[in-house]
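Residue numbers (UniProt numbering): 1 to 309.
And the structure:
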């Protein structure tokens, strides 16, 4: 197996003769050096002030785990990011690194910023970057009921609270728009029902009807329900058909009966008004007749009195 070239960051060193082992007393062990004393050779090499230079050495693959800690993979954004100095403004750093995400800026800064001695505040940078972002979208859930609960939904014999995914729309007030929308929404509803039944292999039966519809009710049964329980499905369909027929007739009869009762009430009101007017006229005639009779009686009494005198 051929050795793999691996890039290592090798620090550069500068030679200082004052720290060389040849100029340091006791650096080289001799007969007078105590046993176990630390060997101080190599102290003449001190780190250079220039940054480390990369060096490509062929290394045996079996030795890669041993040099794993020394292997440094440079960040792709290391050339664009720069460490903040103690006197540098934090807003300038955030504006310079605005082209990168917050995670990239944190990972890049960790390569050259000492968190123990640096004044770079990560939490403040997060707040500065979050100030220019859009508001987080909130999705409805059982804990966050934005649009309330679905009315009439149940599981088994119990009613449950299920969160609405969207807000209820306005009710149609025009009969023509209602009929056209009913047909279009029914098509969408059946398409959605078929998709759910096929994707989840579920048993599904739905039926829908409208009081103003001129055609029979619309229904759908999933493929699995049609295959596994055809007889029971036929019974369910007959029961739903009977229910829809009764509801339709009851709705029509209720409308006719309401209209008929309204007309009868109006007619009775007219008749009562006429009777009241007639009674008022009769009362006026009776009062006039009473006045006339009283006047005649007075005249008659006066004539009798004159004759007697």
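Every residue, glycine too, gets a C-beta built ideally from N, C-alpha and C.
Return the chain-ordered list of same chain residues with a C-beta closer than 6 Å to the C-beta of residue i, the five sequence neighbours on each side being excluded.
i           : result
residue 117 : Any reading at residue 117 needs caution, since the residue's pLDDT is 40, under 50, leaving its predicted position unreliable; the model's value is listed next. Within the same chain, residue 117 has no close Cβ partners at all.
residue 283 : none
residue 348 : Beyond the ends of the chain as shown, which are 1 and 309, falls residue 348; an answer cannot be given.
residue 211 : 251
residue 176 : none
residue 190 : 220
residue 266 : none
Between the options, which has its C-alpha nearest residue i's C-alpha?
i           : options               : result
residue 218 : 264, 251 and 188      : 188
residue 323 : 245, 303, 270 and 236 : The question about residue 323 has no answer, for the chain in this structure spans 1 to 309.
residue 316 : 276, 165, 153 and 157 : Past the edges of the chain, shown from 1 to 309, lies residue 316, and the structure says nothing about it.
residue 215 : 155, 304, 176 and 248 : 248
residue 145 : 161, 154 and 239      : 161
residue 208 : 183, 227, 285 and 234 : 183
residue 169 : 156, 159, 186 and 147 : 147
residue 228 : 201, 270 and 278      : 201
Here's a check: name, in chain order, each residue in its chain whose Cβ is nearer than 8 Å to the Cβ of residue i, leaving out the five neighbours to either side.
i           : result
residue 315 : Lying outside 1 to 309, the shown extent of the chain, residue 315 is not represented and no answer is given.
residue 149 : 161, 162, 163 and 164
residue 181 : 172
residue 290 : none
residue 236 : 205
residue 87  : Here the model assigns residue 87 a pLDDT of 46, short of 50, so the residue's position is not dependable and the matter cannot be decided.
Does the CB of residue i have a neighbour CB from chain B at under 9 Å?
i           : result
residue 218 : Among the chains of the structure shown, chain B does not appear; only one protein chain is present.
Among the residues of its own chain, which have a CB less than 7 Å from the CB of residue i, if the five just before and after it don't count?
i           : result
residue 295 : none
residue 239 : none
residue 203 : 222, 224 and 225
residue 103 : A caution first: residue 103 carries a pLDDT of 39, below 50, which makes its placement in the model unreliable, though a value can still be read off. Hits under 7 Å: none found.
residue 230 : none
residue 154 : 160
Hey, is residue i close to the ligand GTP, as in C-beta under 8 Å from one of its heavy atoms?
i           : result
residue 271 : Ligands are entirely absent from the displayed structure, and the ligand GTP is therefore not among its contents.
**OP:** Please specify which runs of the alpha helix (DSSP H), each continuous and at least 4 residues long, are wholly inside the stretch 219-257, giving them in chain order.
**Re:** 223-228
Original post:
Where in the stretch 146-215 do unbroken runs of the beta strand (DSSP E), each at least 3 residues long, occur, reported from the N-terminal end onward?
Top reply: 205-208
Original post:
For the stretch 222-232 against the stretch 191-208, are there 3 or more C-beta pairs whose distance is under 8 Å?
Top reply: yes
**OP:** Report the residue ranges of all alpha helix (DSSP H) runs contained in full by the stretch 251-292; include only those spanning at least 4 residues, in chain order.
**Re:** none
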